[in-house]
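So the structure is just underneath, and the comments pick up after that.
Protein chains: 2
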Amino acid sequence: MTRLTPYYAVIFTSTQNEDLSGYEDMANKMETLAKQQKGFLGIESARNNVGITVSYWESLEAIKSWKQDSEHLLAQQNGRTQWYNWYHVRICKVEREYDFKSK
Amino acid sequence: MTRLTPYYAVIFTSTQNEDLSGYEDMANKMETLAKQQKGFLGIESARNNVGITVSYWESLEAIKSWKQDSEHLLAQQNGRTQWYNWYHVRICKVEREYDFKSK
Numbered sequence: 006m007t008r009l010t011p012y013y014a015v016i017f018t019s020t021q022n023e024d025l026s027g028y029e030d031m032a033n034k035m036e037t038l039a040k041q042q043k044g045f046l047g048i049e050s051a052r053n054n055v056g057i058t059v060s061y062w063e064s065l066e067a068i069k070s071w072k073q074d075s076e077h078l079l080a081q082q083n084g085r086t087q088w089y090n091w092y093h094v095r096i097c098k099v100e101r102e103y104d105f106k107s108k
Numbered sequence: 006m007t008r009l010t011p012y013y014a015v016i017f018t019s020t021q022n023e024d025l026s027g028y029e030d031m032a033n034k035m036e037t038l039a040k041q042q043k044g045f046l047g048i049e050s051a052r053n054n055v056g057i058t059v060s061y062w063e064s065l066e067a068i069k070s071w072k073q074d075s076e077h078l079l080a081q082q083n084g085r086t087q088w089y090n091w092y093h094v095r096i097c098k099v100e101r102e103y104d105f106k107s108k
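Top line first, the protein sequences correspond to chains E and R. Per our numbering, the very first residue in the first sequence carries number 6; after that it's consecutive. Per our numbering, the very first residue in the second sequence carries number 6; after that it's consecutive.
And the structure:
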């Protein structure tokens, strides 16, 4: 996904607790829901020792609106009480980008 | 790591080829070298289907200087000819952040 900059990225890094019951269902649900939000551009995730999810958005307003979505608020609450040992959220403006693709 | 914003993040996403000979040594070497750069703040990585590495920097100048480091240039070249199927680099300004830590 290459877009005209600037747009916005949310870098979500985390480590998880041992009890992950319900997590996968909720994570899938939130990804589906995020993709339906106005201003959503894309999402990428990977997890080893640390989990990194980066979601891309057209504007800060789109990010704020998704943060306040009622189902997402419930997921955030479950995240804090059950699934996450810690997490860190960074709101970033993507100023420049370039890519490479092998032939 | 929580810093006074703004600072900068480089989001490097990639998928790899099958022949990864030499990759791990080079990746370790580049991480060690990056940490010695002026303006380096931190780095986080995870890889499943896609690899995501986010490095954090004090300034755009620090990012530019690291990109042009001679050993790093060689690693980038090897990345394009051998290890990476594709990669995407986004230069971002971290405007705001918050974190959570369980008790």
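Just so you know, even glycine gets a beta-carbon here, dropped at the ideal spot from N, CA and C. Since the structure is predicted, the reported quantities are computational estimates derived from the model, not experimental observations.
Under the rule that a run must span 4 or more residues, the alpha helix (DSSP H) segments found entirely inside the stretch 26 to 66 of chain R read 28 to 40.
Identification of residues in the stretch 19 to 41 of chain R having a C-beta nearer than 9 Å to some C-beta of chain E yields S19, N22, given in sequence order.
Close to chain E, meaning a Cβ-Cβ distance shorter than 9 Å, is no residue of the stretch 67 to 79 of chain R at all. Excluding five sequence positions before and after R:S60, the CB atoms of its chain that fall closer than 6 Å to its own CB belong to V15, I48, given in chain order. Residue pairing of E:S19 in beta bridges, as defined by DSSP: E:G56, E:Y92.
Under DSSP, no beta-bridge partner is assigned to E:K108.
Straight-line spacing of the CA atoms in R:Y28 and R:L65 works out to 27 Å. Interface flag for R:E102 against chain E is set, since a Cβ pair is found closer than 9 Å. Counted as a single uninterrupted DSSP element, the alpha helix (DSSP H) harbouring R:Q81 occupies residues 75 to 83.
In summary, the residues of the stretch 40 to 60 of chain E whose CB is separated from some CB of chain R by less than 7 Å are E49, A51, R52, N53, V55, G56, I57, V59, in the order they occur in the chain. Of R:G84, R:H77, R:L78, R:E102, the smallest CA-CA separation from R:Y12 is found for R:E102. As DSSP reads the structure, E:E102 sits in a beta bridge with R:R95.
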